[in-house]
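Undergrad: Count along the sequence shown from 1, then add 400; that gives the number in our numbering.
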Amino acid sequence: MTPCKGGPAFSEIEDAAGLAGQAAGALDRLSAFGGPQLREASLCAALAPLERLESLLGGQPGSSGEEFAAKSLVQQYFRIRTADLDSAQASAQAIGILVRSLDDLRSAPLAGASTTRETAAIRQVLIDQGAPGDAASVDGSGSPGGELPEQTSQHWFSRWISAHQLHALFNVHAALAIGRAVENLHDHDVATATAHIRRATVYVNGFSAARAHALALPSWFYNDVLRPSMAPPMTSAPLSGRMHLEYKAYRSQMSRLLTEVPLDIRELAEAEPDLAFAREALLEADLLDCENHVCLVEPVVGHAKSLIQNASSRDHALSILRAIRDRRAAGIRAFVRGGRLPAAEAEER
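1) Which residue marks the beginning of the alpha helix (DSSP H) containing K648, and which one marks its end?
2) Could you tell me if E518 is buried or exposed, where buried requires 16 or more neighbouring beta carbons within 10 angstroms of its beta carbon?
3) Counting only runs that start and end within the stretch 593 to 628, where is the alpha helix (DSSP H) found for 4 or more residues in a row?
4) Rounding to the nearest angstrom, what Cα-Cα distance links M342 and L473 in this structure?
5) Helix, strand or coil, according to DSSP, for E583 in the structure here?
6) Thinking C-beta only, is A685 closer than 8 Å to T601?
7) Please classify D726: does DSSP put it in a helix, a strand, or coil?
8) With a Cβ-Cβ cutoff of 8 Å, do V694 and R725 count as a contact?
9) Straight-line CA distance for D503 to E440?
10) Between A610 and F570, which are expected to be in contact by the criterion C-beta below 8 Å, what is the C-beta distance as a whole number of angstroms?
11) Taking P436 as part of the alpha helix (DSSP H), name the residues at either end of that continuous run.
12) Hey, how far is the Cα of G731 from the Cα of G739?
13) Take I578 and list the residues in its own chain whose beta-carbon comes closer than 6 Å to its own, dropping the five residues that flank it on each side.
14) Taking 8 Å as the threshold (C-beta atoms), are I480 and Q565 in contact?
15) Would you check if the stretch 581 to 591 and the stretch 514 to 529 touch, i.e. whether three or more CB-CB distances between them fall below 8 Å?
16) Under 8 Å between the Cβ atoms of G508 and Y603?
17) How close, in whole Å, do the beta carbons of L721 and V697 come, if the pair is a contact with beta carbons under 8 Å?
18) Can you give me the Cβ contacts of A563 inside the same chain, cut-off strictly under 6 Å, excluding the 5 residues immediately before and after it?
19) Quick check on Q437: buried or exposed, where buried means 16 or more other Cβ atoms within 10 Å of its Cβ?
20) Quick one: residues in its chain with C-beta nearer than 7 Å to the C-beta of L427, no 5 flanking neighbours on either side, listed in chain order?
21) Which of helix, strand or coil does DSSP assign to H588?
22) Let's see if you can read the secondary structure: which residues bound the alpha helix (DSSP H) around E667?
23) Can you give me the C-alpha to C-alpha distance between R598 and L687, rounded to a whole angstrom?
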């Protein structure tokens, strides 16, 4: 897409934190429901300083990621790599993903609620990378930088890839935040642990939004182009959600958290109410992500089987996702309010 014009005066903002702060401030004031022109202007106001920041960070050693080998078929397919990086290299990688995602969001037909949640999670990445939380106002019109591109197949495919990269980035940040919370709980620092759990919840709320972003494309394109591209002979084996290493790491950290804090919500709330309700919010966000997965996939998949199911299976992709949702809901009943209602009583209500 054409770079956004009308951004801040970069000659007056020399440091990376300042640029990230400008973008974070613009995202905090994003107009997701004010119509396409206001939405476009808001996104451009955030994108312009990030494009400048990307150019400043682009010279970092290892910033391309091409020297790292893929660790799974999913990483290979979605051009994702994981490796130990220093803070500058990690920032360069993250900013590149954010720029591509915000750039595509200018034309993605994403629901306003999903736009709000995705950009809130993007803003959280910037804050975690060092942007000031109270980000100053952007001095610029953020006017659109030319005509939006036509919705070509290549554009839709690029969206599919970029939004999955954003989803993986949110997975990584959520896992890190939860891991730090567990470490703080080991050290009996409940206040800091609670803050990390709340931060993780912002990222988990962004999971479904990033997935919706990836699926902002016609169902025929998913079934005729994307689905075949994820199975042999285009890949050596059918792709599966089980192959998403970043999401598996997040799930592992969620299990660690519940092992570290096994008390039910009533018991925990009596001792540490802030921690109890922060944990509940995280678990609710995780369950909602599972439920939203069903709703997001249904329009494009329908009742087709997943790529890894055999022809004799009586299940289909949606029924498998619903079963995962049911298991997850059962697993958190003790940790959330209203989670213990008998099924019949819950239906009546």
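Glycine is no exception: its CB is placed at the ideal position from the N, C-alpha and C atoms.
TA: Short version:
1) The residue given as residue 648 occupies position 248 in the sequence shown. Unbroken alpha helix (DSSP H) run through K648: 645 to 660.
2) Taking the sequence shown and counting its residues from 1, the one referred to as residue 518 is at position 118. Buried is the call here.
3) none
4) No information on residue 342 is available, as it lies outside the stretch 401 to 749 that the chain covers here.
5) The count along the sequence shown starts at 1 and reaches residue 583 at position 183. Reduced to three states, the DSSP call for E583 is helix.
6) Stepping through the sequence shown from its first residue, residue 601 is reached at position 201. Stepping through the sequence shown from its first residue, residue 685 is reached at position 285. Cβ distance < 8 Å, so T601 and A685 count as in contact.
7) Taking the sequence shown and counting its residues from 1, the one referred to as residue 726 is at position 326. Correct three-state label for D726: helix.
8) Within the sequence shown, residue 694 is the residue found at index 294, counting from 1. Within the sequence shown, residue 725 is the residue found at index 325, counting from 1. Cβ distance < 8 Å, so V694 and R725 count as in contact.
9) Along the sequence shown, read from residue 1 onward, the residue named residue 503 stands at position 103. Along the sequence shown, read from residue 1 onward, the residue named residue 440 stands at position 40. Those two C-alpha atoms are separated by around 10 Å.
10) Stepping through the sequence shown from its first residue, residue 610 is reached at position 210. Stepping through the sequence shown from its first residue, residue 570 is reached at position 170. Confirmed, Cβ separation roughly 6 Å.
11) By 1-based counting over the sequence shown, the position of residue 436 is 36. Segment 436 to 457, the alpha helix (DSSP H) holding P436.
12) Walking along the sequence shown from the start, residue 731 turns up at place 331. Walking along the sequence shown from the start, residue 739 turns up at place 339. Their backbone Cα atoms lie some 10 Å apart in a straight line.
13) Residue mapping note: residue 578 aligns to position 178 of the sequence shown, counting from 1. Cβ within range, chain order: A600, Q653, L657.
14) The residue given as residue 565 occupies position 165 in the sequence shown. The residue given as residue 480 occupies position 80 in the sequence shown. A contact, by the Cβ cut-off of 8 Å.
15) no
16) Locating residue 508 in the sequence shown gives position 108, counting from the first residue. Locating residue 603 in the sequence shown gives position 203, counting from the first residue. Sequence check: residue 508 is Ala here, not Gly. No. Outside cutoff.
17) Indexing the sequence shown from 1 puts residue 721 at position 321. Indexing the sequence shown from 1 puts residue 697 at position 297. Right, the Cβ-Cβ distance comes to about 7 Å (below 8 Å), so this counts as a contact.
18) Mapped onto the sequence shown, residue 563 falls at position 163. Once the five neighbours on either side are set aside, the close Cβ partners of A563 are A610, H613, A614.
19) Mapped onto the sequence shown, residue 437 falls at position 37. Exposed, because fewer than 16 other Cβ atoms sit within 10 Å of the Cβ of Q437.
20) In the sequence shown, residue 427 corresponds to position 27, counting from 1. Result list for L427: A446, T519, I522, R523, in chain order.
21) Counted from its first residue, the sequence shown places residue 588 at position 188. It is coil, neither helix nor strand.
22) Position 267 of the sequence shown, counted from the first residue, corresponds to residue 667. Residues 665 to 671.
23) Here the question's residue 598 lines up with position 198 in the sequence shown. Here the question's residue 687 lines up with position 287 in the sequence shown. Taking the straight line from one Cα to the other gives about 15 Å.
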